[in-house]
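Enquirer:
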Amino acid sequence: MGSDEGGAHDFARSAASTAALSGDRQGVLLAYAAVALLSLAAFLTLFLFRALDDNRLTSWRWVFADADAFWIAPVLAAGLFLAAILVRAPFPGHRPAGVLFLCSFALAAVFWDEPELIVDASRYFTQAKHLELYGLEYFLREWGGQIAAWTDLPLIPLLYGLIFRFAGEDRIYIQVFTTLLFSASAVLTYLIGRTLWDEAAGVCAGALLLGMPYLLTQVPLMLVDVPTMFFLLLAVFTTLKALEHGGGGRLALASVAVALAFWTKYSAWFFLSVLPVLMLVWIKQGQRPVLLRALLLILISLLLIGGTLLSVSDVVGTQLHLLQSYQLPGFERWEESPSSTFLFQTHPFIAAAALISVYAAFKSRDVRYAIVLWLPALVIVLGINRIRYVLPVFPMLALMAAYGLRQIPCGEIRKYLVLCIVASSLALSVLGFRPFLQQTSAVNLQRTGEYLDSLDVSEVEVIALQQRYAAVNPAISVPLLDLHTAKRLIFRSDGLVPAGRDLEKSALRFTWEYRNPKYYAAGAGGLRAEAVVVIADDDAQSLPDGIAQGLIGYRLGRQFIASENIFGYRTIVKVYLAGHYPRRG
Numbered sequence: 033m034g035s036d037e038g039g040a041h042d043f044a045r046s047a048a049s050t051a052a053l054s055g056d057r058q059g060v061l062l063a064y065a066a067v068a069l070l071s072l073a074a075f076l077t078l079f080l081f082r083a084l085d086d087n088r089l090t091s092w093r094w095v096f097a098d099a100d101a102f103w104i105a106p107v108l109a110a111g112l113f114l115a116a117i118l119v120r121a122p123f124p125g126h127r128p129a130g131v132l133f134l135c136s137f138a139l140a141a142v143f144w145d146e147p148e149l150i151v152d153a154s155r156y157f158t159q160a161k162h163l164e165l166y167g168l169e170y171f172l173r174e175w176g177g178q179i180a181a182w183t184d185l186p187l188i189p190l191l192y193g194l195i196f197r198f199a200g201e202d203r204i205y206i207q208v209f210t211t212l213l214f215s216a217s218a219v220l221t222y223l224i225g226r227t228l229w230d231e232a233a234g235v236c237a238g239a240l241l242l243g244m245p246y247l248l249t250q251v252p253l254m255l256v257d258v259p260t261m262f263f264l265l266l267a268v269f270t271t272l273k274a275l276e277h278g279g280g281g282r283l284a285l286a287s288v289a290v291a292l293a294f295w296t297k298y299s300a301w302f303f304l305s306v307l308p309v310l311m312l313v314w315i316k317q318g319q320r321p322v323l324l325r326a327l328l329l330i331l332i333s334l335l336l337i338g339g340t341l342l343s344v345s346d347v348v349g350t351q352l353h354l355l356q357s358y359q360l361p362g363f364e365r366w367e368e369s370p371s372s373t374f375l376f377q378t379h380p381f382i383a384a385a386a387l388i389s390v391y392a393a394f395k396s397r398d399v400r401y402a403i404v405l406w407l408p409a410l411v412i413v414l415g416i417n418r419i420r421y422v423l424p425v426f427p428m429l430a431l432m433a434a435y436g437l438r439q440i441p442c443g444e445i446r447k448y449l450v451l452c453i454v455a456s457s458l459a460l461s462v463l464g465f466r467p468f469l470q471q472t473s474a475v476n477l478q479r480t481g482e483y484l485d486s487l488d489v490s491e492v493e494v495i496a497l498q499q500r501y502a503a504v505n506p507a508i509s510v511p512l513l514d515l516h517t518a519k520r521l522i523f524r525s526d527g528l529v530p531a532g533r534d535l536e537k538s539a540l541r542f543t544w545e546y547r548n549p550k551y552y553a554a555g556a557g558g559l560r561a562e563a564v565v566v567i568a569d570d571d572a573q574s575l576p577d578g579i580a581q582g583l584i585g586y587r588l589g590r591q592f593i594a595s596e597n598i599f600g601y602r603t604i605v606k607v608y609l610a611g612h613y614p615r616r617g
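Letter 313 of the sequence shown, counting from 1, is numbered 345 in my numbering, and no numbers are missing.
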């Protein structure tokens, strides 16, 4: 009898447990459905209000100007369903750093075929090519002199130049390098989150970097923003480890990382203010050795920075004056709204989770949270509303969002939410941003470079006609074309003038500071090359009489006339071949 009663009780407990598990599972499935529906609703809501997106490069009002977003919705829905399947997979397993690195690299590589979209790349290419052709000693001596530096710092162009010199002058090597830095940034974000809190927070933060579609479009470009993000994260992480564990090697590595971040970009000086905050937090939580480590790290970093700064102090002083008189007043003229940056160009779930994290951190009095809050808060308080300027802060935003997601008690739902953010980002960037960017006139230079490389000519002359719709020096198109071709280019910059436009406040003022490098000079003979490239702002733009006379005897070999008809600076290209050059069948 007792045995029967015991069996009945066991059965009842088992049934109750099964019912509870069934109820929990139903709750999880309902949460899945809610997250998926909210993800679709967020996308469709942003599409309906796309006119509010004032981003200067990938505004939704341009990306979806002629597109029906409802054809993307089924793809997004499929991605959300796939995310639900992946939740059950043992992801990221026992090697989260490796998984994050490989996934971020593979996803960013999808964008390698996009053209070089931003004219600033011409500066970095020109500086890098000087190092490639004339060596490191020449670069260090002439940076800011014969090598025009504008408001650039030398580290990233120096690294690009070393890649050109030792690997070859090919854009793919730059793209591999910047993608490696992006993938390393995802890993560093994970490591910082793990150091501050736990493994789950770190993995979420690293993955959330993939949930920012604008960031993915910037990875393949020959700019300094993604490298700056990497070096800033490296400085933060190595400083964390140096303060936590001490040791001469860690202190030296952290000091070098701080010095490298210092020389990436002037805005990095502002972003490095996170390090004193980090030190104060660690000193508050640690013992006397932490204070000594912090003081030693500051001393070594200042010695490294000061030692390198002395030799270029005149150049840096001139640049700082230019930043104060020109760039700071220009913030208001070139700004983009926070709603564009944090809703349209990243993801509204990331912004929402970041806001929740502020409340959660203050409620729990988590002093370590100040480290990740500092830079995003500073950006908002000071009104820095230009997405390229705040891009290096995105990992801190991801860490804030990951902290906010920690408030969700169910790890499975947390994981699904992160995967939905990534799926939404990929759908938008691959099916929206990427096709739009491949329709811009910048793609004409890319295709021209590929065509020139197929020709059996040793030199190509470039003629850049005056731009009528933007206050840009057309000569800046030459290094952008050079980035896409292995041919030697010849360019004469005579007669190019600003055409009466007010350049003092123009965002493109730097293009008129451009000096034609001597490596574009024509040979002693002065004969016209067998291939001549004419870059105009419209396919109907007429040739000046002198240029038209010089092209007598040439025939049109190929033209590249793609244009989005949005941006003022356009590169419409026609390639003329000498009459004796054999025609292709």
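Cβ coordinates follow ideal geometry from the N, Cα and C atoms, glycine included. Remember, predicted model here, so these are calculated numbers, not experimental data.
Note down, one range per segment and in chain order, each alpha helix (DSSP H) of at least 4 residues found wholly within the segment 369-418.
Expert: Runs found: 380-396, 401-413.
Enquirer: In or out: Thr-77 buried (at least 16 other Cβ within 10 Å) or exposed?
Expert: Label assigned to Thr-77: exposed.
Enquirer: Are Ala-160 and Phe-196 close, meaning C-beta to C-beta below 7 Å?
Expert: Yes, these two residues count as a Cβ contact at 7 Å.
Enquirer: What number of angstroms, rounded off, separates the C-alpha of Ser-299 from the C-alpha of Ala-563?
Expert: Computed Cα separation, rounded: 42 Å.
Enquirer: Measure the alpha-carbon distance for Leu-248 versus Ile-224 and round it to whole angstroms.
Expert: Approximately 21 Å, taken between the alpha carbons.
Enquirer: Should the segment 87-107 be regarded as contacting the segment 459-470, the criterion being three or more beta carbon pairs within less than 8 Å?
Expert: Contact between the segment 87-107 and the segment 459-470 is present, because at least three Cβ pairs lie under 8 Å.
Enquirer: Who are the Cβ neighbours of Leu-185 in its own chain at under 7 Å, not counting the five residues just before and after it?
Expert: Correct list, in chain order: Trp-295, Thr-296, Lys-297, Tyr-298.
Enquirer: Check whether the segment 436-448 touches the segment 401-411, taking contact to mean three or more Cβ pairs, one atom from each stretch, closer than 8 Å.
Expert: Touching, no.
Enquirer: Taking Cβ to Cβ, would you say Thr-183 is nearer than 7 Å to Leu-323?
Expert: No; because the gap between Cβ atoms is not below 7 Å, this pair is not in contact.
Enquirer: For Ile-495, report the span of its beta strand (DSSP E) as first-last.
Expert: Counting along the chain, the beta strand (DSSP E) containing Ile-495 begins and ends at 491-496.
Enquirer: Between which two residues does the alpha helix (DSSP H) harbouring Tyr-586 extend?
Expert: First-last for Tyr-586: 586-592, but that is the beta strand (DSSP E), not the alpha helix (DSSP H).
Enquirer: Under 7 Å, do Leu-429 and Ala-237 count as touching if we go by C-beta distance?
Expert: In this structure, Ala-237 does not lie closer than 7 Å to Leu-429 by Cβ.
Enquirer: Considering only residues of the same chain and omitting the five flanking positions on each side of Ala-518, which have a CB-CB separation below 6 Å?
Expert: The answer, listed in chain order, is Asp-485.
Enquirer: Got a sec, what are the start and stop residues for the beta strand (DSSP E) Lys-606 sits in?
Expert: Where Lys-606 is concerned, the enclosing beta strand (DSSP E) stretches over 604-610.
Enquirer: Quick one: give me the first and last residue of the alpha helix (DSSP H) that Ala-580 is part of.
Expert: Counting along the chain, the alpha helix (DSSP H) containing Ala-580 begins and ends at 577-582.
Enquirer: Report yes if the CB atom of Ala-129 is closer than 7 Å to the CB atom of Val-219, and no otherwise.
Expert: Yes, the pair counts as a contact, with Cβ atoms nearer than the cut-off.
Enquirer: Rounded to a whole number of angstroms, what is the C-alpha to C-alpha distance between Cys-452 and Ala-568?
Expert: So the alpha carbons of these two residues sit roughly 43 Å apart.
Enquirer: Taking the runs of the alpha helix (DSSP H) that are 4 residues or longer, which of them lie wholly in the segment 68-106?
Expert: Taking only runs of at least 4 residues, the alpha helix (DSSP H) segments lying wholly in the segment 68-106 are 92-95.
Enquirer: Please state whether the Cβ-Cβ distance between Ala-140 and Phe-214 is less than 7 Å.
Expert: It is a contact, given that the beta carbons lie within the stated cut-off.
Enquirer: Let me make sure I understand the geometry here. Which of Ala-74, Leu-228, His-162 has the alpha-carbon closest to that of Leu-194?
Expert: The shortest C-alpha separation from Leu-194 is found at His-162.
Enquirer: Anyone know if the C-beta pair for Leu-540 and Ala-503 falls short of 7 Å?
Expert: Result yes, Cβ atoms of Leu-540 and Ala-503 sit closer than 7 Å.
Enquirer: Within 10 angstroms of the Cβ of Thr-350, are there 16 or more other Cβ atoms? Answer buried if so, exposed if not.
Expert: Classification for Thr-350: exposed.
Enquirer: Helix, strand or coil for Val-621 per DSSP?
Expert: This structure gives no information on residue 621, because the portion of the chain shown stretches from 33 to 617.
Enquirer: Closest to Ala-594 by CA distance: which of Arg-560, Gln-478, Asp-152 is it?
Expert: Minimum Cα distance to Ala-594 is reached at Gln-478.
Enquirer: Kindly indicate the opening and closing residues of the beta strand (DSSP E) around Phe-523.
Expert: 520-523 is the span of the beta strand (DSSP E), which, as asked, contains Phe-523.
Enquirer: For a minimum of 4 consecutive residues, which ranges assigned as the alpha helix (DSSP H) are wholly contained in the segment 451-492?
Expert: Counting only runs of 4 or more, we get 466-469, 474-485.
Enquirer: Please list the segments of the alpha helix (DSSP H) lying wholly inside the segment 301-350, counting only runs of 4 or more residues, in order along the chain.
Expert: For the segment 301-350, whole alpha helix (DSSP H) runs of length 4 or above, ordered along the chain, are 306-317, 320-341.
Enquirer: Is it right to say Leu-53 is buried, meaning 16 or more other beta carbons lie within 10 angstroms of its own, or is it exposed?
Expert: Interpretation of Leu-53 is limited by its pLDDT of 47, a score under 50 that renders its predicted location unreliable; the figure taken from the coordinates is listed afterwards. Its Cβ having fewer than 16 others within 10 Å, Leu-53 is exposed.
Enquirer: Within the segment 201-244, note down every full beta strand (DSSP E) run reaching 3 residues or more, in order along the chain.
Expert: With a minimum length of 3 residues, no continuous beta strand (DSSP E) run stays inside the segment 201-244.
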